[in-house]
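As structure tokens, the structure follows; a few thoughts come after it.
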Amino acid sequence: MIFWDRVDGTIIGYCGADQVEWLRQRLTEFAALIDWRTAQYTTDYPLGTELGLPLPAGPSGEPALEFLLRMNLEEDLPEEARLLWEPDFLAWLREGVDHAVRVLPTDGSPIVLHDNPETLRHWNAVLFNLRVAYAVTWVPEVLLHDELPEPPADLRPRYDHARWLWEAVHSLANFADA
Numbered sequence: 001m002i003f004w005d006r007v008d009g010t011i012i013g014y015c016g017a018d019q020v021e022w023l024r025q026r027l028t029e030f031a032a033l034i035d036w037r038t039a040q041y042t043t044d045y046p047l048g049t050e051l052g053l054p055l056p057a058g059p060s061g062e063p064a065l066e067f068l069l070r071m072n073l074e075e076d077l078p079e080e081a082r083l084l085w086e087p088d089f090l091a092w093l094r095e096g097v098d099h100a101v102r103v104l105p106t107d108g109s110p111i112v113l114h115d116n117p118e119t120l121r122h123w124n125a126v127l128f129n130l131r132v133a134y135a136v137t138w139v140p141e142v143l144l145h146d147e148l149p150e151p152p153a154d155l156r157p158r159y160d161h162a163r164w165l166w167e168a169v170h171s172l173a174n175f176a177d178a
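Each residue of the sequence shown is one higher than the one before, starting from 1 at the first, in the UniProt record's numbering.
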């Protein structure tokens, strides 16, 4: 569980050091996934060299990334347009992941965020996208329910992590709106 408090222009998140370390590991993996995808971008397309704008040659085939792109970009965009917007979205997301990792404490102290709408929105967006990517990868069935179903015993740790991310996202959103 994560609890939020507001003190002198900052938002403070209280959770266990093990949860912070787990979050750091997942964010680092998330960054690696984004880097893997952006390393595939190329200028090998008509006018690519002249424009100097590396773009994806096609869909990544990675379920978590494809789900995030469908979720964050307009559903009715043709594939060519989606591929054109993908680099901007992933650059924005990667920047947010870097910021989130930098903010995470390494010594067991609380998470400290600046209390301004942009910081909170970006932090929450990163956690939300991480939550979705985690669920798509490890427990896709949780995406089908408003409330998490009771997990099979062998999947309990994955469900617990998905639940923790869900609570972190929603508790921060509710706290920021208060």
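All residues carry an ideal CB built from backbone N, CA and C; glycine is no exception.
Quick caveat: nothing in here was measured; it's all calculated off a predicted structure.
Span separating the alpha-carbon of residue i from that of residue j
i      : j      : result
Asp107 : Arg24  : 13 Å
Pro78  : Leu84  : 10 Å
Glu74  : Asn116 : 27 Å
Tyr134 : Asp177 : 25 Å
Leu53  : Ala81  : 14 Å
Asn72  : Glu150 : 28 Å
For residue i, the first and last residue of its enclosing alpha helix (DSSP H)
i     : result
Ile34 : Ala17 to Thr38
Glu66 : Pro63 to Asn72
Assigned secondary structure, residue i (DSSP; H/G/I helix, E/B strand, else coil)
i      : result
Gly48  : helix
Gly58  : coil
Val139 : coil
Thr106 : coil
Thr10  : strand
Asp98  : helix
Thr42  : strand
Asp5   : strand
Asp154 : helix
Span of the beta strand (DSSP E) around residue i
i      : result
Val112 : Ile111 to His114
8 Å Cβ cutoff met for residue i and residue j
i           : j     : result
Leu93       : Ile2  : no
residue 179 : Leu27 : In the structure as shown, the chain begins at 1 and stops at 178. Residue 179 is therefore absent and cannot be evaluated.
Pro87       : Leu47 : no
Report task. Spell out a yes or no on whether the stretch 99 to 114 and the stretch 149 to 161 are touching, meaning 3 or more CB-CB pairs, one atom from each, closer than 8 Å. Result -> These segments do not touch.
**Report entry** At least three beta-carbon pairs within less than 8 Å, the stretch 56 to 70 to the stretch 10 to 24
**Finding:** Three or more Cβ pairs closer than 8 Å define a contact, and the stretch 56 to 70 falls short of that threshold against the stretch 10 to 24.
Query raised in the report: Between the stretch 38 to 45 and the stretch 125 to 142, do at least 3 Cβ pairs fall closer than 8 Å?
Result: The count of Cβ pairs closer than 8 Å, one atom from the stretch 38 to 45 and one from the stretch 125 to 142, stays below three, leaving the stretches out of contact.
Requested in this report: Report yes or no: do three or more beta-carbon pairs, one from the stretch 166 to 174 and one from the stretch 115 to 130, lie closer than 8 Å?
Outcome: Touching, yes.
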